[in-house]
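Q:
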Amino acid sequence: MDENRVQEAQSEASDEAMIEIVDMHKWFGEFHVLQGINLTVHKKERIVICGPSGSGKSTLIRCINRLEEHQRGRIIVDGIELLNNLKNIEKVRMEVGMVFQHFNLFPHLTIIDNLALGPIWVRKVPKKEAEETAMYYLDKVHIAEQAHKFPGQLSGGQQQRVAIARSLCMSPKVMLFDEPTSALDPEMIKEVLDVMIELAVEGMTMIVVTHEMGFAKSVAHRVLFMDFGQIVESNTPGDFFDHPQHERTKLFLSQILN
Amino acid sequence: MENVLQQQQPEKIKPPVTHIGLVGWAKANLFNGWFNSVLTVVTLLLLYKTVPPLIRWAFINAVWKSAGTGCREATGACWSVISANYRFIFFGFYPYDQQWRPLVAMLLLFGLLFYSRNRHHWNKYLGYGWIAGLFVMGFLMKGGFLGLTSVESTKWGGLPLTLLLSVFGLTAAYPLGVLLALGRQSEMRGIKVLCIVYIELIRGVPLISLLFMGSIIFPLFLPEGVTINKILRAQIAIILFTAAYIAEVVRGGLQGVPRGQYEAAESLGLNIYLTMRLIVLPQALKIVIPPTVSILISAFKDTSLVVIIALFDLLKTTQTVLSNPKWLGFSREAYIFIALLYFLGCFSMANYSRKLEKELATDN
Numbered sequence: 001m002d003e004n005r006v007q008e009a010q011s012e013a014s015d016e017a018m019i020e021i022v023d024m025h026k027w028f029g030e031f032h033v034l035q036g037i038n039l040t041v042h043k044k045e046r047i048v049i050c051g052p053s054g055s056g057k058s059t060l061i062r063c064i065n066r067l068e069e070h071q072r073g074r075i076i077v078d079g080i081e082l083l084n085n086l087k088n089i090e091k092v093r094m095e096v097g098m099v100f101q102h103f104n105l106f107p108h109l110t111i112i113d114n115l116a117l118g119p120i121w122v123r124k125v126p127k128k129e130a131e132e133t134a135m136y137y138l139d140k141v142h143i144a145e146q147a148h149k150f151p152g153q154l155s156g157g158q159q160q161r162v163a164i165a166r167s168l169c170m171s172p173k174v175m176l177f178d179e180p181t182s183a184l185d186p187e188m189i190k191e192v193l194d195v196m197i198e199l200a201v202e203g204m205t206m207i208v209v210t211h212e213m214g215f216a217k218s219v220a221h222r223v224l225f226m227d228f229g230q231i232v233e234s235n236t237p238g239d240f241f242d243h244p245q246h247e248r249t250k251l252f253l254s255q256i257l258n
Numbered sequence: 259m260e261n262v263l264q265q266q267q268p269e270k271i272k273p274p275v276t277h278i279g280l281v282g283w284a285k286a287n288l289f290n291g292w293f294n295s296v297l298t299v300v301t302l303l304l305l306y307k308t309v310p311p312l313i314r315w316a317f318i319n320a321v322w323k324s325a326g327t328g329c330r331e332a333t334g335a336c337w338s339v340i341s342a343n344y345r346f347i348f349f350g351f352y353p354y355d356q357q358w359r360p361l362v363a364m365l366l367l368f369g370l371l372f373y374s375r376n377r378h379h380w381n382k383y384l385g386y387g388w389i390a391g392l393f394v395m396g397f398l399m400k401g402g403f404l405g406l407t408s409v410e411s412t413k414w415g416g417l418p419l420t421l422l423l424s425v426f427g428l429t430a431a432y433p434l435g436v437l438l439a440l441g442r443q444s445e446m447r448g449i450k451v452l453c454i455v456y457i458e459l460i461r462g463v464p465l466i467s468l469l470f471m472g473s474i475i476f477p478l479f480l481p482e483g484v485t486i487n488k489i490l491r492a493q494i495a496i497i498l499f500t501a502a503y504i505a506e507v508v509r510g511g512l513q514g515v516p517r518g519q520y521e522a523a524e525s526l527g528l529n530i531y532l533t534m535r536l537i538v539l540p541q542a543l544k545i546v547i548p549p550t551v552s553i554l555i556s557a558f559k560d561t562s563l564v565v566i567i568a569l570f571d572l573l574k575t576t577q578t579v580l581s582n583p584k585w586l587g588f589s590r591e592a593y594i595f596i597a598l599l600y601f602l603g604c605f606s607m608a609n610y611s612r613k614l615e616k617e618l619a620t621d622n
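So the protein sequences, as listed, match chains A and B.
Numbering-wise (this note's numbering), the first sequence opens with residue 1 and increments by one.
Numbering-wise (this note's numbering), the second sequence opens with residue 259 and increments by one.
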């Protein structure tokens with residue numbers, strides 16, 4: 001439905017770098033999860049990362065907002081380098097929104113409180129203003145009428161849309177999506193993807209880990225394929241799906257597209 | 259289409275009489291199977307044998323008011339042991355003509371507790387109210403100015419003492435326990451080790467020995483001339499003891515909060531302090547309401563152990579009455595009365611925790 005609009009927006013990615021990752025390594029104990037990642041994400045660029053489970057794609061985006069710590073190399077987000085400096089880390093986290101596979105809404109707070117919490121406590125926005133912003137974004141994800149319910153009273157798709165709105169309330173410059181539709185019932189996947197497409201149209205910088213290849217084809221500027229902790233292939237969606245370069249990419253695509 | 263659906267709606271049929279109402283309930287719960295039927299009959303027989311005599315003893319043949327001699331001939335309970343001595347039971351050695359002061363202090367406490375029942379009343383003004391209330395209560399009990407004669411804390415006793423030890427013991431132990439639980443989860447090694455040592459040490463010792471240490475050993479270490487009030491020492495022992503148990507329960511709650519909650523909070527940019535305060539603790543403390551209240555209830559009852567360091571709490575004042583030759587032999591009545599008071603305290607805590615759990619439930 002939105003394909004045309006998205007393609008119109010396709011050329012928008014600028015040359016300015018939003019995220020720079022240089023020769024980044026990460027180990028879990030002895031296990032070398034990320035083996036020399038080099039990646040530059042431009043402003044307004046939309047990247048889809050796919051790959052078999054255990055390939056390190058989730059770990060990669062979790063490193064970008066320091067939910068995981070990298071042990072070698074550099075990560076620079078919007079000019080701020082991620083170091084062992086709490087102030088820096090909090091600054092980066094304010095700029096980077098994250099949507100999780102399991103939504104991770106705060107079950108003890110109403111929807112509107114879930115959304116207003118970050119702006120009030122982190123951005124120090126007055127309560128009333130934060131709630132207005134919250135309502136604005138709830139409206140955007142088509143769920144304003146649920147504002148005073150608790151997360152447990154919503155369906156999975158609704159919860160995920162709330163989670164997206166919660167991140168947006170912090171007015172992030174980048175949005176990270178960690179398999180946002182994997183925990184959803186099939187009939188709810190579309191409503192979440194639609195919200196993500198709307199975000200794309202508005203020019204949000206996005207990195208999405210997903211297996212929704214339809215989404216990748218229509219929305220991404222670039223598709224990355226990861227395997228064994230490395231970025232094996234990086235290409236435009238057209239070339240990625242029609243002329244994959246590497247054997248491993250071909251194998252993976254043949255497995256998921258059939 | 260709609261019409262078809264409507265036509266197909268089956269007419270409502272009521273379930274058979276044997277499945278609803280009293281008959282249905284009795285059938286489902288009391289007489290389902292021969293074993294339960296036998297149990298029901300035996301229980302009914304036991305109740306028939308015990309309840310009527312109990313009622314006759316406690317109410318019909320009871321003596322409510324007498325100077326003690328009247329009780330000797332009665333076949334029922336002698337409640338006059340209470341009615342003749344209630345002031346000593348409630349207030350101990352507090353000067354007789356000044357006993358309105360602890361009474362007012364207690365009423366103030368009950369009033370504050372009752373008002374605080376409603377969570378919507380929890381705000382900073384209520385906090386100020388409590389602080390002011392505490393000062394007024396302390397002033398009423400201790401006196402010494404504004405025309406009130408001074409009453410040494412050694413004369414405090416009975417119900418005010420029990421309430422003092424339990425209410426303040428529990429309210430101070432709870433936050434301390436939460437802090438200890440957080441400390442035990444901390445990534446800072448020093449704090450973590452300190453908390454573990456504290457919790458395990460205190461849990462490994464009976465409350466009685468802590469009370470003894472507080473009242474007998476601890477003063478030996480104080481420089482000469484310095485004394486710390488005995489009630490305060492008992493109070494601290496109770497707080498330290500209860501906090502260790504609460505800490506372990508809260509730790510269980512902390513572990514019950516999924517990792518994803520921390521991650522979501524962190525990814526919003528909340529620092530660790532805000533994450534704990536706004537996200538983790540509210541969920542963790544809610545999970546552990548039932549075991550926490552269990553601990554509070556048992557701590558409330560444990561305050562009666564202060565008799566061993568010669569403090570005259572509610573139980574001890576009652577026992578003192580019973581050691582009077584005039585009232586010798588009426589311990590049943592006196593203990594039943596005390597048990598009722600303790601039950602009221604414990605039951606209202608249990609009740610309140612149920613109410614709180616229901617209010618805080620957010621799923622479905």
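Quick reminder that beta carbons are idealized off the backbone N, C-alpha and C, glycines included.
All values derive from a computational prediction rather than experimental measurement.
1. Three-state secondary structure (DSSP) at Gly472/B?
2. Cβ of Lys613/B less than 8 angstroms from any chain A Cβ?
3. Taking the alpha-carbon positions, what's the Leu598/B to Val339/B distance?
4. So is Arg161/A in contact with chain B if we call contact Cβ pairs under 8 angstroms?
5. DSSP three-state call for Lys26/A: helix, strand or coil?
6. Can you tell me the Cα-Cα spacing of Glu191/A and Ala200/A, whole angstroms?
7. Would a C-beta distance cut-off of 8 angstroms place Leu539/B and Trp121/A closer than the cut-off?
8. Taking buried to mean at least 16 other C-beta atoms within 10 Å of its own C-beta, is Thr40/A buried or exposed?
9. What is the residue span of the alpha helix (DSSP H) that Cys50/A lies within?
10. Quick check on Leu526/B - is its C-beta less than 8 angstroms from some C-beta in chain A?
11. In whole angstroms, what separates the C-alpha of Pro180/A from that of Leu465/B?
12. Would you say His70/A faces chain B, with C-beta separation under 8 angstroms as the test?
13. Are there 16 or more other CB atoms within 10 angstroms of the CB of Tyr137/A, so buried, or fewer, so exposed?
14. Provide the residue span of the alpha helix (DSSP H) that contains Glu617/B, from first to last.
15. Does the CB of Met94/A have a neighbour CB from chain B at under 8 angstroms?
16. Roughly how many whole angstroms lie between the Cα atoms of Thr308/B and Ile596/B?
17. For His108/A and chain B, any beta-carbon pair shorter than 8 angstroms?
18. Quickly, what does DSSP pair Glu21/A with across the bridge? List them, please.
19. Reducing DSSP to helix, strand and coil, say where Cys336/B ends up.
20. Skipping 5 residues on each side, what residues in its chain have a beta carbon closer than 7 angstroms to that of Trp337/B?
21. Taking only runs of the alpha helix (DSSP H) that begin and end inside the segment 278-335 of chain B, which ones reach a length of at least 4 residues, in chain order?
22. Just checking: is the beta-carbon of His142/A within a distance shorter than 8 angstroms of some beta-carbon in chain B?
23. What does a CB cutoff of less than 8 angstroms around Pro638/B pick up in its chain, not counting 5 residues either side in sequence?
24. Roughly how many whole angstroms lie between the Cα atoms of Asp227/A and Gly54/A?
25. Please tell me whether Glu521/B has its Cβ less than 8 angstroms away from any Cβ of chain A.
26. Whole angstroms is fine: what's the gap from His108/A's alpha carbon to Phe479/B's?
27. Can you pull the chain B residues whose beta carbon is under 7 angstroms from the beta carbon of Asn104/A, in chain order?
28. Using the rule of at least 16 other Cβ atoms within 10 Å of the residue's Cβ for burial, across every protein chain shown, is Asp185/A buried or exposed?
29. Write down the C-beta distance between Met607/B and Ile566/B rounded to the nearest angstrom, noting that I regard them as a contact closer than 8 angstroms.
30. Checking the sheet assignment: what are the DSSP bridge partners for Asp571/B?
31. Tell me whether Val362/B sits in a helix, a strand or coil according to DSSP, three-state version.
A: In terms of the structure at hand:
1. Residue numbering aside, residue 472/B sits at position 214 when the second sequence is read from its first letter. Helix, per DSSP.
2. Looking up residue 613/B in the second sequence gives position 355. No, Lys613/B does not count as interfacial toward chain A.
3. Reading the second sequence from its first residue, position 340 is the one you call residue 598/B. Reading the second sequence from its first residue, position 81 is the one you call residue 339/B. Distance between the alpha carbons of Leu598/B and Val339/B: 15 angstroms.
4. Here residue 161/A is taken as the residue at index 161 of the first sequence, counted from 1. Judged by the 8 angstroms Cβ criterion, Arg161/A is not in contact with chain B.
5. In the first sequence, residue 26/A corresponds to position 26, counting from 1. Lys26/A: strand per DSSP, three-state reduction.
6. Against the first sequence, residue 191/A aligns to sequence position 191. Against the first sequence, residue 200/A aligns to sequence position 200. About 14 angstroms.
7. As a first step, residue 539/B is located in the second sequence; it is residue number 281 there, counting from the start. As a first step, residue 121/A is located in the first sequence; it is residue number 121 there, counting from the start. Not in contact: Leu539/B and Trp121/A (Cβ atoms no closer than 8 angstroms).
8. Counted from its first residue, the first sequence places residue 40/A at position 40. Result: exposed.
9. In the first sequence, counting from the first residue as 1, residue 50/A sits at position 50. Element bounds for Cys50/A: not the alpha helix (DSSP H) but the beta strand (DSSP E), Arg46 to Cys50.
10. The count along the second sequence starts at 1 and reaches residue 526/B at position 268. Judged by the 8 angstroms Cβ criterion, Leu526/B is in contact with chain A.
11. Walking along the first sequence from the start, residue 180/A turns up at place 180. Walking along the second sequence from the start, residue 465/B turns up at place 207. Near 52 angstroms, if we compare the C-alpha coordinates of Leu465/B and Pro180/A.
12. Sequence index remark: in the first sequence, residue 70/A carries index 70 (1-based). So, not an interface residue.
13. Counting from 1 along the first sequence, the entry for residue 137/A is found at position 137. Buried: at least 16 other Cβ atoms inside 10 Å.
14. Counting from 1 along the second sequence, the entry for residue 617/B is found at position 359. First-last of the alpha helix (DSSP H) with Glu617/B: Ser589 to Leu618.
15. Numbered from 1 along the first sequence, position 94 holds the residue referred to as residue 94/A. Taking Cβ atoms only, chain B reaches closer than 8 angstroms to Met94/A, which makes this a yes.
16. For the purposes of this step, residue 308/B is identified with residue 50 of the second sequence, where counting begins at 1. For the purposes of this step, residue 596/B is identified with residue 338 of the second sequence, where counting begins at 1. Rounded to the nearest angstrom, the two C-alpha atoms are 22 angstroms apart.
17. Residue 108/A sits at position 108 when you count from the first residue of the first sequence. With 8 angstroms as the cut-off, His108/A counts as an interface residue toward chain B.
18. Position 21 of the first sequence, counting from 1, holds the residue named residue 21/A. Here residue 21/A is Ile; the residue named in the question, Glu, does not match the sequence. Beta-bridge pairing links Ile21/A to Leu39/A and Ile75/A.
19. For the purposes of this step, residue 336/B is identified with residue 78 of the second sequence, where counting begins at 1. Reduced to three states, the DSSP call for Cys336/B is strand.
20. Residue mapping note: residue 337/B aligns to position 79 of the second sequence, counting from 1. The answer, listed in chain order, is Ala320, Val321, Trp322 and Glu591.
21. 279-287, 292-313 and 327-331
22. Taking the first sequence and counting its residues from 1, one reaches residue 142/A at position 142. Judged by the 8 angstroms Cβ criterion, His142/A is not in contact with chain B.
23. An answer regarding residue 638/B cannot be provided, because it is not within the stretch 259 to 622 covered by chain B.
24. Here residue 227/A is taken as the residue at index 227 of the first sequence, counted from 1. Here residue 54/A is taken as the residue at index 54 of the first sequence, counted from 1. Each residue's alpha carbon lies about 8 angstroms from the other.
25. Position 263 of the second sequence, counting from 1, holds the residue named residue 521/B. Cβ-Cβ to chain A under 8 angstroms: yes for Glu521/B.
26. Counting from 1 along the first sequence, the entry for residue 108/A is found at position 108. Counting from 1 along the second sequence, the entry for residue 479/B is found at position 221. For His108/A and Phe479/B, the distance between alpha carbons rounds to 48 angstroms.
27. Indexing the first sequence from 1 puts residue 104/A at position 104. Per Cβ cutoff of 7 angstroms: Gly518, Gln519, Glu521 and Ala522.
28. Counting from one through the first sequence, the residue named residue 185/A turns up at place 185. Its Cβ having fewer than 16 others within 10 Å, Asp185/A is exposed.
29. Start at 1 with the first residue of the second sequence, and residue 607/B comes out as number 349. Start at 1 with the first residue of the second sequence, and residue 566/B comes out as number 308. Their Cβ separation, rounded to whole angstroms, is 24 angstroms, which puts Met607/B and Ile566/B out of contact at 8 angstroms.
30. One-based indexing of the second sequence puts residue 571/B at position 313. According to DSSP, Asp571/B bridges with Gly416/B.
31. Working through the second sequence from its first residue, we reach residue 362/B at position 104. Helix at Val362/B.
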